[in-house]
Amino acid sequence: MRLESKMADTYCLPSYYLSLMSTKYMTETIHQKFPKAYDNINEATRLSGFTMASDVLTCSLLRTLASSKPNGKFLELGTGTGLSTAWILDGMDEASTLTSIDNDPKFLEIAQSFLEMDKRLQLTCADGGEWVESHKNQKYDYIFADTWHGKYLLLNEVLSMLTKGGLYIVDDMLPQPNWPDGHHEKAINLIGQLENREDLSLTKQVWATGIIVAVKK
Ligand SMILES: C[S@@+](CC[C@H](N)C(=O)[O-])C[C@H]1O[C@@H](n2cnc3c(N)ncnc32)[C@H](O)[C@@H]1O
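In the numbering used here, the protein residues as written are 692 to 908.
Right under this line is the structure:
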């Protein structure tokens with residue numbers, strides 16, 4: 692708005708022309724640089740046949756939010772091939788650390804081959820349930836829950852791992868073509884559970900694949 696009024700003052704552009712200009716620039720296109728490893732991981736993901744990759748808009752939001760937690764302890768449940776991992780790392784500062792869990796060694800290997808040189812990252816091959824049960828006393832400033840655990844299973848345990856002011860992020864909350872029967876009900880139930888919690892401030896974004904960002908009060 693400020694830019695528009697300044698330009699209007701300067702160039703005396705009619706407001707309908709300015710509104711056309713803001714529509715042109717205010718788009719979903721990501722103009723900032725993608726993480727270095729992204730193209731390679733994306734190509735390896737395509738070749739691997741992995742079908743659950745995070746959407747690039749979600750990844751961009753993950754990076755933006757990661758930058759809000761300097762010196763942060765980050766947790767990702769569901770590494771996949773490391774697409775979202777690469778974006779989270781790209782938003783983190785040098786003093787931050789990210790632990791990322793997945794139970795599928797084939798896909799984790801792709802993440803590992805492109806990201807293991809980043810000393811801030813710890814990739815762990817484990818069952819999400821077992822891992823959460825044995826780490827539930829740990830605290831994190833940022834949790835991206837992108838598998839069953841921390842989303843549809845062990846939700847309370849994972850939310851209790853958030854620090855005050857910590858971010859909890861889930862995607863794929865809008866109906867997805869690969870949802871199995873009965874998944875709609877699970878998603879509706881999760882939204883209700885999150886909204887009913889008095890220790891979270893949250894916003895549902897009907898954008899990308901449907902994202903909920905919550906902050907622990
Ligand atoms: C939606 S995908 C993750 C996508 C990834 N974040 C990305 O950016 O592409 C969900 C992941 O959960 C993993 N997964 C499924 N069951 C699991 C379990 N019991 N424990 C740990 N990971 C599991 C799958 O292997 C899969 O990689």
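Every residue gets a Cβ at the ideal spot worked out from N, C-alpha and C, and that includes glycine. Note that the coordinates shown come from a computational prediction; the quantities given were computed from them, not determined experimentally.
For Ile792, the Cβ falls inside the 8 Å cut-off from some heavy atom of ligand 1. At least one heavy atom of ligand 1 is found less than 8 Å from the C-beta of Glu767. Excluding the 5 residues flanking it on each side, Leu799 has same chain C-beta neighbours closer than 7 Å at Thr770, Asp793, Leu814 and Cys816, in chain order. Put simply, the backbone Cα of Ser791 is about 6 Å away from that of Leu768. Between the stretch 851 to 870 and the stretch 737 to 757, the count of C-beta pairs closer than 8 Å reaches three or more; the two stretches touch. Taking 8 Å as the cut-off, the C-beta of Leu752 does not count as close to any heavy atom of ligand 1. With a 10 Å radius around the Cβ and a threshold of 16 neighbouring Cβ atoms, Trp822 comes out buried. Exclusion of the five residues before and after Glu824 leaves Leu845 and Glu848 as the residues of its chain whose Cβ lies within less than 8 Å of its Cβ.
In the DSSP assignment, Gln829 falls outside any beta strand (DSSP E) and carries neither an H nor an E.
If you look at Phe805, you'll find it in the alpha helix (DSSP H) that goes Pro796 to Leu806. In the DSSP assignment, Gln723 is bridged to no other residue.
Counting along the chain, the unbroken beta strand (DSSP E) around Leu893 starts and ends at Leu891 to Gln896.
In the three-state DSSP reduction, Glu785 falls in the coil class, being neither helix nor strand. Per DSSP, the continuous beta strand (DSSP E) segment holding Ala905 begins and ends at Ile902 to Lys907. Taking 9 Å as the cut-off, the Cβ atoms of Thr854 and Lys764 count as close.
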